[in-house]
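Peer 1: Below is the structure I would like to discuss, written out as structure tokens.
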Amino acid sequence: MKRIVFTFILLLVLPSVQAMWGFFAHQRINRLAVFTLPAEMIGFYKHNIQYLTENAVNPDRRRYAVEGEAPRHFLDADVYGDSAVYKLPRYWNEAVEKYSEDTLQAYGIVPWHINRVKSWLTDAMQIRDASAILRLSADLGHYIADANVPLHTTENYNGQMTNQYGIHGFWESRLPELYSDNYDFFVGKANYIKNTQLEAWEAVIQANNTLDSVFRFEKELTDKLGADKKYAFETRGNTTVKVYSRSFSKAYHEKLNGMVERQMRKAIKMVGDFWYTCWIDAGQPNLDELIDFEFTEDELNQKKEELKQWKEQKYKSRGHEN
């Protein structure tokens, strides 16, 4: 609860603060993951690519409305001690036995929850529930993407402990929106994962290992360029908003040396790998038989309206900051 309330306060008062991959990045990751799939899957997924793209942010829409949703997006690994990402129990029951469920929920459960959603998606494929397959595929893509964000693996998730307020949204939203058109998103074909729980942990470990650079480079640039060059104002529609300046963003992006691109590529590949693994574990159901499935017009309109309202609410809550 402390983290949720604190995040909400930050959203109100700080520039470029977000609690997840940017809206833009989540959608792109889910969309591009479709093209990693084999011929037996891609027909169904490509037919529904708009749904998978638009609903990539569903878990974020539930984040402050559904009890228990928020911890599914992060893991504050450092609260468990030094090198905790290597020491924490990999399996949920063992983790609960060691720390209690209340403790785990307080500091995030993203690697364990990824595996839980993987199990649900496998079940949905086994019974050929097209609606559940699409909903869970979109959700699974979201949580996997979050696990690949370095700032989702630390209690200092927005630089609030190091006088680097706003670094979260800067890294995962501002930089992809400015530079991802030049990223190479060809990640190859999806592969089967033998142990999805350990794979989820590998993503968290790798993301966590980059944290030193994420914080240190931002601090070095702030000290070098000065606060007056760190921010700028841009016009968005009829509104003037405060953002990280393009010169500061460019310098930070260059110092990161492709980190954001690498993490997005890892997320895209991992999403495809998990979808493919669910399909294999479900017995390789014929998804082409489900390709005629369509959400009703009312369902689609409701989703669009929910998405519109969420974007408007999020826009206002950030003080008109993107």
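Numbered according to my numbering, the sequence shown spans residues 1 to 322. The beta carbon of each residue, even a glycine, is placed where N, CA and C say it ideally should be.
If we count the other Cβ atoms within 10 Å of its Cβ and call it buried at 16 or more, is K194 buried or exposed?
Peer 2: Locating residue 194 in the sequence shown gives position 194, where the first residue counts as 1. With fewer than 16 other Cβ atoms within 10 Å, it is exposed.
Peer 1: Taking the alpha-carbon of Q160 as reference, which of E220, F215, F185 has the nearest alpha-carbon?
Peer 2: Here residue 160 is taken as the residue at index 160 of the sequence shown, counted from 1. Among E220, F215, F185, the Cα nearest to that of Q160 belongs to F215.
Peer 1: What span of residues does the beta strand (DSSP E) with T235 cover, start to end?
Peer 2: Position 235 of the sequence shown, counting from 1, holds the residue named residue 235. Element bounds for T235: 231-236.
Peer 1: In whole angstroms, give me the CA-to-CA distance for V57 and Q50.
Peer 2: Against the sequence shown, residue 57 aligns to sequence position 57. Against the sequence shown, residue 50 aligns to sequence position 50. If I take the Cα positions, the gap works out to 13 Å.
Peer 1: If the criterion is Cβ atoms closer than 7 Å, does the pair G141 and N301 meet it?
Peer 2: By 1-based counting over the sequence shown, the position of residue 141 is 141. By 1-based counting over the sequence shown, the position of residue 301 is 301. Contact: no.
Peer 1: Please classify L52 as buried or exposed, where buried requires at least 16 neighbouring CB atoms within 10 angstroms.
Peer 2: Looking up residue 52 in the sequence shown gives position 52. Label assigned to L52: buried.
Peer 1: So what does V271 bridge to, in DSSP terms?
Peer 2: Looking up residue 271 in the sequence shown gives position 271. DSSP, once it has assigned bridges, lists no residue as partnering V271.
Peer 1: Which same chain residues, not among the five before or five after K230, have their C-beta less than 7 Å away from its C-beta?
Peer 2: By one-based count along the sequence shown, residue 230 stands at place 230. Excluding residues within five positions, the ones whose Cβ falls inside 7 Å are T222, Y244, S245, F248.
Peer 1: Return the bridge partner residues of K242 from the DSSP annotation.
Peer 2: For this step, residue 242 is matched to residue 242 along the sequence shown. DSSP, once it has assigned bridges, lists F233 as partnering K242.
Peer 1: What number of angstroms, rounded off, separates the C-alpha of E254 from the C-alpha of P89?
Peer 2: Indexing the sequence shown from 1 puts residue 254 at position 254. Indexing the sequence shown from 1 puts residue 89 at position 89. Cα-Cα distance, rounded: 36 Å.
Peer 1: May I have the straight-line CA-CA distance separating A77 from I205, to the nearest angstrom?
Peer 2: The count along the sequence shown starts at 1 and reaches residue 77 at position 77. The count along the sequence shown starts at 1 and reaches residue 205 at position 205. Using only the alpha carbons, I get a separation of about 10 Å.
Peer 1: Under the three-state reduction of DSSP, which class applies to L37: helix, strand or coil?
Peer 2: Here residue 37 is taken as the residue at index 37 of the sequence shown, counted from 1. Note: L37 maps to coil in three-state DSSP.
Peer 1: Going by beta carbon distance, what residues of the same chain come within less than 8 Å of A207, once the five residues before and after it are set aside?
Peer 2: The residue given as residue 207 occupies position 207 in the sequence shown. Only A147, N148, V149, P150, H152, T153, Q263 meet the Cβ criterion.
Peer 1: For L37 versus A190, is the C-beta spacing smaller than 7 Å?
Peer 2: Within the sequence shown, the letter at position 37 stands for residue 37. Within the sequence shown, the letter at position 190 stands for residue 190. Against a cut-off of 7 Å, the Cβ pair of A190 and L37 comes out as a contact.
Peer 1: Evaluate the contact criterion for the stretch 98-106 versus the stretch 116-130: three or more CB pairs, one atom per stretch, below 8 Å.
Peer 2: At 8 Å Cβ cutoff, the stretches do not touch.
Peer 1: Considering only their Cβ atoms, is the gap separating Y157 from I280 smaller than 7 Å?
Peer 2: Counting from one through the sequence shown, the residue named residue 280 turns up at place 280. Counting from one through the sequence shown, the residue named residue 157 turns up at place 157. Against a cut-off of 7 Å, the Cβ pair of Y157 and I280 comes out as no contact.
Peer 1: Assuming K219 contacts Q164 under a Cβ cut-off of 8 Å, what Cβ separation, rounded to an integer in Å, is found between them?
Peer 2: Sequence index remark: in the sequence shown, residue 219 carries index 219 (1-based). Sequence index remark: in the sequence shown, residue 164 carries index 164 (1-based). 7 Å between Cβ atoms; contact.
Peer 1: Considering only their Cβ atoms, is the gap separating P71 from I114 smaller than 7 Å?
Peer 2: In the sequence shown, the residue the question calls residue 114 occupies position 114. In the sequence shown, the residue the question calls residue 71 occupies position 71. No, they are not a contact pair.
Peer 1: Check the C-beta distance from M259 over to S213 and give it rounded, since I have them as a contact under 8 Å.
Peer 2: Taking the sequence shown and counting its residues from 1, the one referred to as residue 259 is at position 259. Taking the sequence shown and counting its residues from 1, the one referred to as residue 213 is at position 213. M259 to S213, Cβ: 7 Å. Contact.
Peer 1: Of the residues F217, N238, E199, which one's Cα is nearest the Cα of K266?
Peer 2: By 1-based counting over the sequence shown, the position of residue 266 is 266. For the residues F217, N238, E199, the minimum Cα distance to K266 belongs to E199.
Peer 1: Using a Cβ-Cβ cut-off of 6 Å (strictly less than) and excluding sequence neighbours within five positions of L175, which residues of its own chain qualify?
Peer 2: Counting from 1 along the sequence shown, the entry for residue 175 is found at position 175. Closer than 6 Å at Cβ, skipping near neighbours: H253, V260.
Peer 1: Please say whether A138 and K55 have beta carbons closer to each other than 7 Å?
Peer 2: Translated into positions along the sequence shown, residue 55 becomes position 55. Translated into positions along the sequence shown, residue 138 becomes position 138. Reading off the sequence, residue 55 comes out as Asn, not Lys. Yes, the pair counts as a contact, with Cβ atoms nearer than the cut-off.
Peer 1: Specify the secondary structure class of I127 as computed by DSSP and reduced to three states.
Peer 2: The sequence position of residue 127 within the sequence shown is 127, counting from 1. The answer is coil: DSSP assigns I127 none of H, G, I, E or B.
Peer 1: Closest to Y183 by CA distance: which of F233, R236, N257 is it?
Peer 2: Here residue 183 refers to the residue found at position 183 of the sequence shown. Among F233, R236, N257, the Cα nearest to that of Y183 belongs to N257.
Peer 1: Closest by CA to R28, which one among G237, D288, G226, F185?
Peer 2: One-based indexing of the sequence shown puts residue 28 at position 28. Nearest C-alpha to R28: F185.
Peer 1: Restricting to Cα atoms, I'd like to know which of A84, D288, L178 is closest to E202.
Peer 2: As a working note, residue 202 is residue 202 in the sequence shown. Among A84, D288, L178, the Cα nearest to that of E202 is on A84.
Peer 1: Return the chain-ordered list of same chain residues with a C-beta closer than 6 Å to the C-beta of R63, the five sequence neighbours on each side being excluded.
Peer 2: Here residue 63 refers to the residue found at position 63 of the sequence shown. Counting only Cβ-Cβ distances below 6 Å, and skipping sequence neighbours, we find E69, A70.
Peer 1: When you compare each of G43, N93, D82 to N209 by their alpha carbons, which one comes out closest?
Peer 2: One-based indexing of the sequence shown puts residue 209 at position 209. For the residues G43, N93, D82, the minimum Cα distance to N209 belongs to D82.
Peer 1: Can you tell which of Y99, I144, Y107 has its C-alpha closest to the C-alpha of P398?
Peer 2: Here the chain covers residues 1 to 322 and nothing more, so residue 398 does not appear.
Peer 1: Taking DSSP as the reference, what is the three-state secondary structure of H197?
Peer 2: The sequence position of residue 197 within the sequence shown is 197, counting from 1. As written in the sequence, residue 197 is Gln, which differs from the His given in the question. Three-state DSSP puts Q197 in a helix.
Peer 1: Give, in chain order, every unbroken run of the alpha helix (DSSP H) that is at least 4 residues long and sits entirely within the stretch 147-195.
Peer 2: Correct list: 175-179.
Peer 1: By DSSP, does R90 sit in helix, in strand, or in coil?
Peer 2: The sequence position of residue 90 within the sequence shown is 90, counting from 1. It is coil, neither helix nor strand.
Peer 1: Around the Cβ of K118, are there at least 16 other Cβ atoms within 10 angstroms (buried) or fewer (exposed)?
Peer 2: Mapped onto the sequence shown, residue 118 falls at position 118. With 16 or more Cβ atoms within 10 Å of its Cβ, K118 is classed as buried.
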